[in-house]
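Before any comments, here is the structure.
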Amino acid sequence: MSINDELAARFLAASRMLELLGEDHFRVNALARAARAIESLPADAADLAKDRKALTAVPGIGAKSADKITEFIATGAIAEFDEIKARVPPGLLDLMELPGLGPKTVAVFWNQAGVTSLDDLKRIIDDGSILSLPRMGAKSVEKIRQAIAFGQSASHRTALGLALPLAEHIAARLAKVRGVTRTAFAGSARRAKDTVGDLDILAASSDPDAVTRAFLDLPQVLQVLQSGPGKSSVRLALDTASSRWGRGSSESTAAIQCDLRIVPPDRFGAALMYFTGSKEHNVRLRERARAAGLTLNEYGLFHAPADEASKPDWSRKDPIAAHTEHEVFKALGLPDIPPEIREDAGELDLAEAPRLLELGDIRAELHAHTTASDGRLDIESLAARAKERGFHTIAVTDHSRSSPQAGGLSPERLLQHIEDIRKAAERVPGITILAGSEVDILADGSLDYDDSLLEQLDVVVASPHAALSQDEDAATIRLLAAVRHPLVHILGHPTGRLINRRKGLEPRLREILDAAAENHVALEINAHWMRLDLRDIHARQAMNAGCLLAVDCDVHEPEDFDNLRFGVATARRGWVSKDRCVNAWAAPKLHEWLASKRPHRPH
DNA sequence: GCCGTTTTCGGCCCGACTGTTTTCAGTCG
Ligand SMILES: Nc1nc2c(ncn2[C@H]2C[C@H](O)[C@@H](COP(=O)(O)OP(=O)(O)OP(=O)(O)O)O2)c(=O)[nH]1
Ligand SMILES: [Mg+2]
Ligand SMILES: [Mg+2]
Ligand SMILES: [Zn+2]
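Going by my numbering, 1235 is the number at position 438 of the first sequence; the sequence numbering is gapless.
In structure tokens:
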């Protein structure tokens, strides 16, 4: 775990424990916000802490948190947090993970029944003594029993690539219901986070009951969690069979929660804004509205009511703005903020809409496999597919010799392959077919082919495949060597992580990014939804470091081209612009960059 | 605990659903 993650975890745990202790919830929130701020710090906390001002300049981190961070870096501990920790049995935090159990309820279990663990809780349920606690009736206890039975599934997050098709399907299905004017999927799926905790579906309708009925009647519904006039939640069966990454994998639960929200048709924009989030972004927006004498909620932007305590029916009040997101942003004095960056990570300081990379900007694929290694297409059909997508360039990058399980090519076979690629290039007009390789970065940082061979390739993607549990030092040395290699163009899936499967390498990213920027090596954002590597926050750090990026599909089968949307969305989450994305460049510029690393080659 | 185009002190986003509550607290989005 990186030092930032470690610090963030401590702040979050302290926040949760203070909640249990009944601490003022503004302070609890402040600590949770500090945790988030630390987690998404643009640099290593240890570096940042050298300059106290740099720390306190981060929104959410004040004098007290800065002290704690400094203390942790100096001593490896935070005394005040350790004292809090000593007062709260650790098992209580696990209890709060159970859906429906919050700090107030768990505190009652603890203080009035001596419960400090899941076993304790089971015991007072079984012997019935739980019923004597305040606000504990038969229904409440049954829900807790259910929550325990379903285990930890509440905290499980599903890969975006598995969840998105279902979200789109449900939104499309509900759009056909009578009275519905619009539907959309929202939440983290719309923001294109690499994993989602649930599906959030919005429907605008003049007949809310009809939508609710259709929702609860969906064939995928396993269980209805709650259902009211404007909002319902269910557990859905998640079909993972369609993918070779699905069934039989560690994807433990084949179910996902789905939240439906229904609003009147003329409030769609405000509701979409609310339901897209993120929560932190929403809170900032609402604070901004409030500061301007307004109030913002899912029904629209309104003048703040004179009477603080009044609870108007906002759905019937005339809004200043509500119909479209654009109108609401505009009324708040903000540009249109793309969903992918609504994370309270600086987007509210933008004076104009950022120009982020778009799907249609991608004009080349620089990482693709053929039947020569573990791909399903031969060179010509691969090129044909790329051409269909409107690409001007496709690079053939099969595996290298140290990946025998992936059909890695011996030097001799690679030489033959290069010839085959050159011949195919002559037969397929209208697209540039490049001879390349996805060369293994071996554990010590050396590459899998000799320089004399690499020199003959138009493009070299260097990727780590084995030894992915190296320590930080080894991983840093390894990737640095690859990035500094004069014949390498792209660092492929830099960490080798697989979502929900393995963490991958955890190098000192800062060093890698600085070296990549200096050497004009592009960092890949591997678009496969199992990888998304670099991930969003790393892509943003790469942007800040001045790096080039490449959004590649790592094509193995024809359908893999469709993963581009995930890669582009991840790039957008990293604030990547078109001019920094090498495969969004026009052909001459791309080819010139590639050639710049082949100075000895005649043109 | 954080923060300031009204504030360095006094605020801090706002609403839906549920169960047990006879009037609303707790949890969640
Ligand atoms: N204003 C406000 N909006 C919230 C709050 N909690 C959630 N929302 C909004 C923003 C969220 O993106 C949206 C959906 O809630 P979720 O809990 O599903 O979160 P989200 O989808 O962002 O992340 P997830 O991947 O599901 O964990 O609802 C809140 O406390 N206040
Ligand atoms: Mg969600
Ligand atoms: Mg949700
Ligand atoms: Zn590959």
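C-beta: ideal position from N, C-alpha, C; glycine also.
From the DSSP output, in three-state form, read off residue i for me.
i     : result
V1060 : strand
E1403 : A query on residue 1403 cannot be resolved here, the shown segment of the chain reaching from 798 to 1400 and no further.
N826  : helix
K1300 : coil
V1318 : coil
H1397 : coil
V1225 : coil
G888  : helix
L1211 : helix
R1032 : strand
Q1054 : strand
L1066 : Position check: residue 1066 holds Gly in this sequence, whereas Leu was assumed. It is helical.
S1047 : Interpretation of S1047 is limited by its pLDDT of 48, a score under 50 that renders its predicted location unreliable; the figure taken from the coordinates is listed afterwards. Coil at S1047, not helix or strand.
Q1202 : helix
E880  : helix
S1024 : strand
F1099 : strand
D1333 : helix
H1123 : helix
I967  : helix
V1018 : strand
F808  : helix
T1009 : helix
F1363 : helix
I1309 : helix
L815  : helix
A1118 : strand
H1078 : helix
D997  : strand
Shorter than 7 Å, the distance from the beta carbon of residue i to the closest heavy atom of ligand 2, or not?
i     : result
D916  : no
G984  : yes
V1457 : For the chain, the structure presents residues 798 to 1400; residue 1457 sits outside this window and is missing.
V993  : yes
Between the beta-carbon of residue i and the beta-carbon of residue j, is there less than 8 Å?
i     : j     : result
L1244 : A1279 : yes
S1170 : G1143 : no
V993  : G984  : yes
Q1267 : I1215 : no
R987  : T1073 : yes
L1153 : S837  : no
S1207 : R1198 : yes
I1403 : A831  : Given a span of 798 to 1400 for the chain in the structure shown, any question on residue 1403 remains unanswerable.
I941  : I921  : no
L963  : L915  : no
E1223 : H1196 : no
A1324 : N1360 : yes
L1265 : G1242 : no
R1182 : L1174 : yes
Closer than 7 Å to a non-hydrogen atom of ligand 1 - does that hold for the CB of residue i?
i     : result
K1076 : yes
T1073 : yes
K796  : Given a span of 798 to 1400 for the chain in the structure shown, any question on residue 796 remains unanswerable.
R830  : no
R1332 : no
R920  : no
K990  : yes
R1083 : yes
Subject >> Chain-ordered list of residues that sit, by beta carbon, closer than 5 Å to a heavy atom of ligand 3 >> reply: This criterion selects D995, D997 and D1056.
Subject >> Chain-ordered list of residues that sit, by beta carbon, closer than 5 Å to a heavy atom of ligand 4 >> reply: For ligand 4, the selected residues are E1235 and D1351.
Subject >> the stretch 905–915 touching the stretch 858–876, judged by at least three CB pairs closer than 8 Å >> reply: As far as the Cβ criterion goes, the stretch 905–915 does not touch the stretch 858–876, which means the pair count is below three.
**OP:** Tell me, please, whether the stretch 802–811 touches the stretch 827–841 by the rule of three or more beta-carbon pairs shorter than 8 Å.
**Re:** The stretch 802–811 vs the stretch 827–841: in contact.
Original post:
Taking contact to mean at least 3 C-beta pairs separated by less than 8 Å, is the stretch 1161–1175 in contact with the stretch 1130–1147?
Top reply: Because the criterion of three Cβ pairs below 8 Å is not met, the stretch 1161–1175 and the stretch 1130–1147 do not touch.
**OP:** Flag this pair as touching only if the stretch 1108–1127 and the stretch 1342–1360 have three or more C-beta atom pairs under 8 Å; answer yes or no.
**Re:** Result no; under three Cβ-Cβ pairs closer than 8 Å.
Original post:
Is it true that the stretch 855–872 meets the stretch 884–899, where meeting means three or more beta-carbon pairs spaced less than 8 Å apart?
Top reply: Fewer than three Cβ pairs drawn from the stretch 855–872 and the stretch 884–899 lie within less than 8 Å of each other, which leaves the two stretches out of contact.
**OP:** Could you say if the stretch 921–935 and the stretch 996–1009 meet the contact criterion of at least three C-beta pairs nearer than 8 Å?
**Re:** No contact exists between the stretch 921–935 and the stretch 996–1009.
Original post:
For the 8 Å Cβ check, are there 3 or more pairs between the stretch 1074–1088 and the stretch 1052–1064?
Top reply: Verdict: no, contact absent.
Original post:
Between the stretch 1026–1033 and the stretch 1361–1368, are three or more C-beta pairs nearer than 8 Å?
Top reply: The stretch 1026–1033 vs the stretch 1361–1368: no contact.
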